[in-house]
Structure formats: structure tokens, C-alpha cells
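Here the protein sequences line up with chains A and B, keeping their order. The numbering of the first sequence is the working numbering, which starts it at 1 and goes up by one. The numbering of the second sequence is the working numbering, which starts it at 1001 and goes up by one. The block underneath contains the structure these notes are about, expressed in C-alpha cells.
Number of protein chains: 2
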Amino acid sequence: MIKCVKCGEVDAIAKSGIIRGKQRFYCKRCDYYFTQPSLLSPETHHHRRHQTTIMDIASALQISKSTVSRALQGHSDINANTRKAVLDMAHQLDYQPNLLALGLAKSRSFTLGIIVPEFINSFFPYIIIGAQQVANPAGYHVIICQSNESLDTEIANTNVLMASRVDGVVASVTAETKSLDHFHKFQRAGIPLVMFNRICDGLDVSKVLVDDYDGAYRGVEHLIQQGCTRIAHLAGPQNLQVGKQRLQGYLDALRKYGLPVYDELIVYYNLTKTSAQAAARQLLELPTLPDSIFAVNDPAAIETILIAKSKGIKIPSELAIVGFSNEPTSALIEPGLTTLAQPLDEIGKTVVQLLLHEIESEDDVLVPRTEILKTQLIVRGSSLRKPLVS
Amino acid sequence: MIKCVKCGEVDAIAKSGIIRGKQRFYCKRCDYYFTQPSLLSPETHHHRRHQTTIMDIASALQISKSTVSRALQGHSDINANTRKAVLDMAHQLDYQPNLLALGLAKSRSFTLGIIVPEFINSFFPYIIIGAQQVANPAGYHVIICQSNESLDTEIANTNVLMASRVDGVVASVTAETKSLDHFHKFQRAGIPLVMFNRICDGLDVSKVLVDDYDGAYRGVEHLIQQGCTRIAHLAGPQNLQVGKQRLQGYLDALRKYGLPVYDELIVYYNLTKTSAQAAARQLLELPTLPDSIFAVNDPAAIETILIAKSKGIKIPSELAIVGFSNEPTSALIEPGLTTLAQPLDEIGKTVVQLLLHEIESEDDVLVPRTEILKTQLIVRGSSLRKPLVS
DNA sequence: AGCGCTTTCGCAACCGCTCTCGATAGGTGC
DNA sequence: GCACCTATCGAGAGCGGTTGCGAAAGCGCT
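This is the structure we're talking about:
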């Protein structure tokens, strides 16, 4: 049954152990060890999936794959007829270049990674759309990762992006992110990184931000102008710059207008819904209620509105509220939420522009740039105690 | 200056044309054509980006790359010490496998593609999250494409996914999608495809749907039970099954309860916001107003509420409204929107489970499966004319 | 016809990794 | 000490592209 692959002998064959799961044989005549070649011939094995390659085009046209490659790239040293034949055949065979092979060969994936903490609220989706609007025309596509506000997931995301050999990364960190070791990987590997919105200290990279300090200041100023004096702040995590800046804007606005700062009127939350509810409750169950709340973002402000309403607190007469971000929901809720609109689309576009600039830069030393965009105060019912003077 | 690469001769050198942008030379003595080898030695060129490869590990440990590869994969025929050394070195060098190379070698990318029309509303984001919750543990990551409700973009998306050599695709088509040629590509290439929610006819693939007919029927039935008799339908595109099924459920509920069907009470919209507003206006400016509206989805229902309110129409007493999907916004708006909740998370999970099943199936012939999930009627203020009997 | 040059293409080496096949050193049983 | 095994590792061929380099054919000119 078993024949020696060398002499064809059948009788002098002995079994000789198992090697890597396969039976191994020994021919006494040849003094030769061998394993049985796999029985199923490669022809037998039905290739269920096969996408056309340049080799398919090449053999169909009886030319070399180099020529096909160059024709597809529009190289100059290809005859016009040849190129046309190649392009036609490529179209006919429904050819799509294998980006894996292309990336491997060129050591570039033409892919950008984008890490966001979530995309349930519409803040990040809009930014992603803006980002794609710049990335796609430039020949890049985008891998979207959502860290789900979890540091572990965020670390896993960075690893996936590293493994995918993305050419650049855009990121907004989670609320729990305090250490940035996992982002240093990109720098060590020479992969440009641009952060936006949620950043934290300790990373010397380009950034795209909105003027959080200024926005917070103007939001609080607006409350003051509405006659509020006991203004609370539902603050964000202080490991994030957004959290710090908006708190600072709040504080400075109070000071500027000579209002006292009460510690019990500043509560922090970790950007989750339940935490927002807890924080809002804490504020609304104080012995002396605040007459207004400046929330670090709209989702928190909306939770506050809901809880206030459930407690029968009148908005804005008893409690004025200002948020930050201008979520679509904020216009729908009643009363409409006064908030600071961020140029979402522009953030997305700017962040990718900065990134592409760094990717395509020849310089070895890159000076990180920081773009700061302006916010716009949108006044709605939630804060309007006095008639609009305009 | 120029030396012949063969004889080293200097004087017998003549220029001989330009080849591919480079000066070419000819040595008369050797009768030999050559071009100047590129001056900048490979050492000079600073490799700004280099990520560690298995070769780096192999040479650091003085072993072969095969061994490193097998050690990393946890193969059985590797010495425990060797494996440990490899793993340690991999960790030390911060090794991340090159997914491009891996995909190329294995002809599998371990990537799933997901095409959605948009992710501004929270419907698709929740589904994506559910999908990732199944895909990631199974060792796949996900490329998210949004077609932005544009057929051209959708076609471009399919091409990108083809080029990325995804192992499978999950898709929900745009409102404009009538032809499915661009999805046939996947079938021809043997790439499994599972569609969900928004499907259209003419593609024999697995599907995950909610029972749109049943949901619509129950939504309309609810309106009837609330005493409505002149029930309008803000319908979706009829090229989509969702649109058809929900319309059919609406019609059958009317018939079942002996209510007449008025053509002017059925208006169609193309899933864009402006179109929803136009349709709602059309309904609310009829000579005889409907006493209720069943909208094909929540965004349309919400636009209807806003327009009705702006016209001073009382909800639900003058106009009862039922939507479909249970967007988070629907709970916030006033009055709360009665709607049919879909098991978003479950849709996402189911769709990927089906897909993975097909990817990992050995069978050549796959019988497409269809999973139909149930919806849940959530009654809120927008439709509640009678006290709840419970 | 011969020279010089251009146009057009093929060969082959990578990119990083997997996987098949095979080799070798040492262990075991008699 | 010898036959027989087992455990462990290396060599090398792809995967589907890109690209440097060289070759062959054809052209115009003298």
C-alpha cells in the first residue's frame, strides 16, 4: 500500500512515528524517512473564493504581471494599446486590487484609524463623517474603532490599528484614560497621531480642539445675564482637558462677575448616563437649590432637565440650564436646551487635514500643531428668563 | 567620473539615452549598456517607520522565522523554553503581527465589512455595537462603511470591501438602492453576505429582519383601539421591503377593522429629513385632517410632531402619532412618541452570527436563512387618548 | 547598413507571514 | 550498541502586489 517515494518499494516500508500529526514512514532499502504526501491534490480542493488578481489579467493577455501592474498605475512606459487592453480586461474580470498585498508591498496601508469613545450620541458620528469627507478623496479609507468608554477596549483598539498598519491615527480618549502609554506606541512606530476634543496631557501631538474655556465662560456669562447668581456646574472628568477647561471657564466667569464659588455646586461625573443622573440628583437635592446649572455637555444637561421635570422644578424660571455640544436632541426637548454648538464637521475635516499633512510630510521633525475652533452660543428656552434683546 | 560597472573603464563611456527618467550609459569596450546604480545607499535613507516583524524576533534570538511564527501561534512542536523566549522577546519588542501580511498569506483578512446608510440616528450605531460584540470575540474586526443614503457611495463601499478582501459583509441598503448588481460581486467572489433591516428583492442571501408587517399592524391596531378612524400613513420607499411590509401591515389593520383606505392619506418619503417634513406637511394641510398618523419610522414621526405643534395641532387629542424604531429621542420629545421598539442589539448580534456561520461553514452550498425578530409596542403620550387599561 | 537612442516589456527580488516538507539530535527499548 | 521514535527546528515556496534593472525591438539618421 505504502510505496517509498524514492525506490517505489512496498515491502521494505516501516512505520516510523508520528510527525506533526501525520504518519511517518521509513524505507529500509533507501534508508529514507518520509511522510505520505497529502492525498487530496490541490486540483481537487475547490477554491470557493477567488478574486481576480493581476496574474489573471496577465495570463489572459499573455503578458507579464509587471506590465499589468504598470498599466494599471498609469505608468508612462506602457504602450497605449497595451494599457487599454489591460484596463478593459481588468474591467471585464471585475478586478479589484488586493489592498492587503498592496499595503504589504508599499509598506503603507492607505488606511487611517479613528478611535472614539462612543457613537451613540451624534457628536462623534458627525465628526467621523467630516473626517471621511477629507480622507476618502485623498485616497484613504478609515477604520472606525469605538472604545466604548473603556480603557481596556481603547488599548485593544490601538493594538488593532497598529496591527493593521494604519498610516495615521485620529483619537479622542475615553473618560477613564489617564495614562497615555498605549498611544506612545504610535509615536515610537512613527505613525502620526492627531487628537481631538478629548485629550489629556502628556502627549506631544497635534490637536484639534474647540475653545472650551471660552465656550464655558460665555455659557455661564449668559446665565449671569439672565439673572442667575447661584450657578452650579455639572463637571466632566478632570483628567480630560475638556473637563478642566470648561470648569475653568465656569470659575472665571463667576469671578469676573463677582459671584461666589460654592464647592457644593460643583459635582463631577464620568460621562456615563447613570453617573449623569446621579450627579444631577445630587445637585437637585441640595438644601438650597442652585438657580441654574451649566453642564459640561448636552447629554448631562438633558438628564438634568428630565430629573428636574420629574421633581416638578420649573425650567427655566426655577432652574436655568445650559449645555455644551448642541446634540440634535437638544433642539427637540422641551424646553429647548441652550447650548454651545461645536463645528463638528469642521473638527472632523481639520483633524484629518492635520493628519494627512503629517503623513505626507517628508520632514523628520514635525512640530505638532494645535487648531482651536470657536463655539457658538445657541440660546433656547432652557435658560431664557428675560426676553431676548436683539 | 562614470565608470563602467563591468570593466571599470572611464574613457570609453558614452551617454545612451534616458531610460525611465534615468541617464543610461554605454561602455564601448564592453559593449554594455547600464544605468547608474542609485547613489543614495539604502543605509542613508532613514526608515522613519518600522514596526517589528517576526524576523526581528528571529534574529534577536538567532532562530528561524518559522520557529517564531509557530511559537507565536502556540503550535505544539515548539519547545516550551523557545516559546517563552519568543513570547518574551515579542513583548519586549512590542510586536504586533502585520495583519496585511497575515491576510495575504492566509487569504483571509479576519475582517468583516458592514455597510449602513447612516449612523446619525442611533438605530444603526446600536446594531454596529451588537455586531462588534459578536465579531471581536470571534477574532474578527469590523470595517464600517456608511453609504450616506447614496447609491454611488454604497457602490464605492462595496468596492472598498472587495479590495480589502473582507471575509464577509453585513449590509443595510440605502433608500435609493433598487438594483443589487453591486452586491452580486460578493456572491461571485464567494464572500458571504447577510442583509438586515433594509433589504430589497432579488438577492438570495441570509437576512435578519424584524417583523415589520406585524409591528405595523399592531401599531395601527393600537391607534384604532384609541378611537382613531381616519388614520394616515407616512410611508417609506417601496423598493425596500421595510416600506412595503409596514404599508401592508397598515392596510391590513384598516381592513381588518373595517376602516376605509383613503389614497390621499398615504404619502411616501425617501428617508431624508427634508422629505419627511414635506410629507408631514402634505398630510397636515389636507382639507380634512387625519385624526392620526402611523409613520414608517421615528425620525419621520418626530418631524411630524414638530410640524403639527408648529401648526397648533394638539397631540394626541387632535392628532395621534405612532412611529417605528424607538429612537432615544422618541422618549424625550413631548409628548413621548408611541413606537415599536426593535431589538437592536439582538439584530446586530444575530446578523454577525449568521455571517460567521456562513464564513466558517465548509459546505459549498449554503441555504440562506432568514431570522425574523419581534418588535415591541411602546405606548407613550403621542397616541394615548384613553386611559391605559392594564 | 550601422550607429545611437527610445519605447516597451519581462525578470526577479522583495514586503511579512504561514505552512508543508524534511532534517537532525537525542531518547528509548532490546 | 543498534533499531526505532520523538521532539524540535530550518529551508523555502507561495500570497498579490511594486519596482529596479536590464533586454529586445524599432526608429531615424548618416
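Glycine included, every Cβ here is placed at the ideal spot set by N, Cα and C. Computed from a predicted model, the values in this text were never measured in an experiment.
According to DSSP, residues forming a beta bridge with residue i
i          : result
Gly113(A)  : Ile143(A), Val169(A)
Ala1320(B) : Ser1292(B)
Thr370(A)  : Lys207(A)
Leu943(B)  : Nothing about residue 943(B) can be read from this structure; chain B reaches only from 1001 to 1390.
Leu1286(B) : In DSSP, Leu1286(B) forms no bridge with anything.
Phe1196(B) : Val1208(B)
Thr339(A)  : Ile378(A)
Ala1235(B) : Tyr1268(B)
Ser325(A)  : Ala341(A)
Residue burial classification, residue i (beta-carbon count within 10 angstroms, cutoff 16)
i          : result
Val1367(B) : exposed
Gly113(A)  : buried
Gln1238(B) : exposed
His1045(B) : No answer about His1045(B) holds up, because its pLDDT of 42 lies below 50 and its placement is not dependable.
Lys84(A)   : exposed
Glu362(A)  : exposed
Ala1276(B) : buried
Lys1349(B) : buried
Thr1370(B) : exposed
Thr274(A)  : exposed
Gln376(A)  : exposed
Gln241(A)  : buried
Gln96(A)   : buried
His222(A)  : buried
Ala131(A)  : buried
Cβ-Cβ separation, residue j to residue i (assumed contact under 8 Å), whole Å
i          : j          : result
Ser1383(B) : Thr1338(B) : 4 Å
Ile372(A)  : Val205(A)  : Contact flag wrong, Cβ pair sits at about 15 Å.
Ala1216(B) : Arg1246(B) : 4 Å
Ile1345(B) : Tyr1126(B) : It should be noted that the sequence gives Asp, not Ile, for residue 1345(B). Asp1345(B) to Tyr1126(B), Cβ: 6 Å. Contact.
Gly236(A)  : Asn297(A)  : 7 Å
Leu1254(B) : Val1208(B) : Not a contact, Cβ separation roughly 28 Å.
Ala392(A)  : Asn1098(B) : Shown here, chain A extends from 1 to 390; a query on residue 392(A) therefore has no answer.
Leu1203(B) : Leu1180(B) : 5 Å
Asn1136(B) : Ser1172(B) : Wrong, their Cβ atoms sit about 20 Å apart, outside the cutoff.
Pro1316(B) : Arg1385(B) : 6 Å
Ala1232(B) : Leu1271(B) : Not a contact, Cβ separation roughly 18 Å.
Ala341(A)  : Ile378(A)  : 5 Å
Asn1121(B) : Glu1334(B) : Rounded, the Cβ-Cβ distance is 19 Å, inconsistent with contact.
Asp94(A)   : Thr52(A)   : 6 Å
Ile293(A)  : Leu259(A)  : The Cβ separation is near 14 Å, so there is no contact.
Thr229(A)  : Cys200(A)  : About 33 Å; that fails the 8 Å criterion.
Thr1111(B) : Ile1143(B) : 6 Å
Leu1100(B) : Leu100(A)  : 5 Å
Cβ-heavy atom distance, residue i to the ligand PLP, below 7 Å
i          : result
Leu1254(B) : Looking at this structure, you won't find the ligand PLP or any other ligand, since it has none at all.
Query raised in the report: Of all the residues that make up the region 1314-1342 of chain B, which are near chain A by a beta-carbon distance shorter than 8 Å?
Result: Pro1328, Thr1329, Leu1332, Ile1333, Glu1334
Query raised in the report: What residues in the region 69-97 of chain A have a beta carbon less than 7 Å from any beta carbon of chain B?
Result: Asp77, Asp94, Gln96, Pro97
Query raised in the report: Residues in the region 1156-1168 of chain B with C-beta within 7 Å of chain A's C-beta atoms, listed in sequence order?
Result: Asn1159, Val1160, Met1162, Ala1163, Ser1164, Arg1165
**Report entry** At least three beta-carbon pairs within less than 8 Å, the region 163-171 of chain A to the region 184-193 of chain A
**Finding:** yes
**Report entry** chain B contacts from the region 126-147 of chain A (Cβ-Cβ distance under 9 Å)
**Finding:** Tyr126, Ile128, Ile129, Gln132, Asn136, His141, Val142, Ile143, Ile144, Cys145, Gln146
Query raised in the report: Three or more C-beta pairs closer than 8 Å, one from the region 1088-1107 of chain B and one from the region 1054-1068 of chain B: is that the case here?
Result: yes
Query raised in the report: Is the region 1353-1362 of chain B touching the region 1190-1199 of chain B in the sense that three or more CB pairs, one from each, lie closer than 8 Å?
Result: yes
Query - the region 67-78 of chain A touching the region 1065-1075 of chain B, judged by at least three CB pairs closer than 8 Å - result: no
Query raised in the report: Given 8 Å as the limit, is there contact between the region 1307-1321 of chain B and the region 1280-1288 of chain B, that is, 3 or more CB pairs closer than that?
Result: yes
Query raised in the report: Touch check for the region 1135-1152 of chain B and the region 1103-1118 of chain B: three-plus C-beta pairs under 8 Å?
Result: yes
Query raised in the report: In chain order, what residues of the region 170-190 of chain A put their CB closer than 9 Å to some CB of chain B?
Result: Lys185, Arg188, Ala189, Gly190
**Report entry** Short-range partners of chain A found in the region 1096-1112 of chain B, where Cβ spacing is below 7 Å
**Finding:** Gln1096, Pro1097, Asn1098, Leu1099, Leu1100, Ala1101, Gly1103, Leu1104, Ser1109
Query raised in the report: Going along the region 293-305 of chain A in order, which residues come within less than 8 Å of chain B, judged by CB to CB distance?
Result: Ile302
Query - Contacting positions in the region 258-282 of chain A - beta carbon closer than 9 Å to chain B - result: none
Report task. Using a Cβ-Cβ cut-off of less than 7 Å, list which residues of the region 1113-1124 of chain B approach chain A; keep chain order. Result -> Phe1119, Ile1120, Ser1122
Report task. Using a Cβ-Cβ cut-off of less than 7 Å, list which residues of the region 193-222 of chain A approach chain B; keep chain order. Result -> none
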